[in-house]
Structure formats: C-alpha cells, structure tokens
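Asker: One structure, as structure tokens, below. Some questions next.
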Amino acid sequence: MAVMLVNVAGLAFIALIVWWFWLSRPAARRADAEPVTVVVEDGVYSPARIEVPRGQPVVLRFLRKDPSPCAAKVIFADLDVSAELPIGEERELRLEPQQAGEYEFTCEMHMYRGSLLVT
Ligand SMILES: [Cu+2]
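When the letters of the sequence shown are read in order and numbered with our numbering, they come out as residues 7 to 125.
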C-alpha cells in the first residue's frame, strides 16, 4: 500500500512537471498601445504570454526581481533580440515583429519561458 502511494505521488509529480513545462498556457496579455511590464520572478515571466499586433513597434518592459544568475538575460532567439536584466531595474525592449506567429522568449538556460504571440 505504501509503495503504491509513493508511485501515485511520483506520477502526480511527473504530471505536474509535464504540465508546468509543456502544457500550461497562461492567458495572453495584449500589448499594443500600452507597454507591458514583464516581471521575472520565481522561475516564471508574468505575464508569460503576450499578444502583439504584427508590423507595429511594441515596448516590453522587463523587471527582474529574481537574484539568481539564471534570470540575468532574456532572449528572443527567433527575433534576434536579447537584453541583460539588472536586478530591480526595468529594461525596455523594443520589438517590431513583421510576421505572425509564436515566438518564444527564454533565459539562457530555458528555465524561464514565455511566448510572444504576433497576430
Ligand atoms: Cu535560466
């Protein structure tokens, strides 16, 4: 019985990890007229999904609260944009994505993950 409980707990934990890293889809925040502030803390970007219109300049403000070096950089690999994030200071990132699609942004080790929906 105890063994079975441990297995169930293990499976639940694995399911949680799978959900967290691959399946969770937080609601997208729209950023067009107003810049969105993205807080970098506790392993997540908040908001982690940002929707922006295609072909228009948008400003994202990153505010890093996490002191771990993991959070020190944000990278939009597909858009060829990245920025160093000093702790406790807002850093503005200007983007003007021309093509619709979903662009991932991450820290250097891909622990922090977010996506930019260009519509
Ligand atoms: Cu990292």
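Just so you know, even glycine gets a beta-carbon here, dropped at the ideal spot from N, CA and C.
Consult DSSP for L91 and reduce its assignment to one of helix, strand or coil.
Answerer: It is coil, neither helix nor strand.
Asker: Report yes if the C-beta of A77 is less than 8 Å from at least one heavy atom of ligand 1; otherwise report no.
Answerer: It does: the Cβ of A77 is within 8 Å (strictly closer) of some heavy atom of ligand 1.
Asker: Out of P41, I56 and D72, point me to the one whose CA is closest to C113's CA.
Answerer: Out of P41, I56 and D72, D72 has the C-alpha closest to the C-alpha of C113.
Asker: Just tell me which of M10, L101, A21 and V9 has its CA closest to the CA of A136.
Answerer: Since the first residue of the chain shown is 7 and the last is 125, residue 136 is not available in this structure.
Asker: When DSSP builds the beta bridges, which residues end up paired with D120?
Answerer: One point to set straight first is that residue 120 is Gly, not Asp, in the sequence displayed. G120 pairs with F111.
Asker: Cα-Cα, which of A34, L91, A15 and V87 is closest to R70?
Answerer: For R70, the nearest C-alpha among the options comes from L91.
Asker: Report buried or exposed for P103, applying the criterion of at least 16 other Cβ atoms within 10 angstroms of its Cβ.
Answerer: By the 10 Å Cβ count, P103 comes out buried.
Asker: In chain order, what residues of the same chain lie with their CB nearer than 8 Å to the CB of M115, ignoring the 5 residues before and after it?
Answerer: Here the set comprises C76.
Asker: Which residue or residues does DSSP assign as beta-bridge partners of R60?
Answerer: Answer by DSSP bridge pairing: none, since R60 is not bridged.
Asker: For the beta strand (DSSP E) containing L126, list its first residue and its last residue.
Answerer: Since the first residue shown for the chain is 7 and the last is 125, residue 126 is missing from the structure and cannot be characterised.
Asker: I'd like the list of long-range same chain contacts for R67, defined as Cβ closer than 6 Å, with 5 residues on each side in sequence excluded.
Answerer: Excluding positions up to five away in sequence, the list reads P41, T43, E96 and E98.
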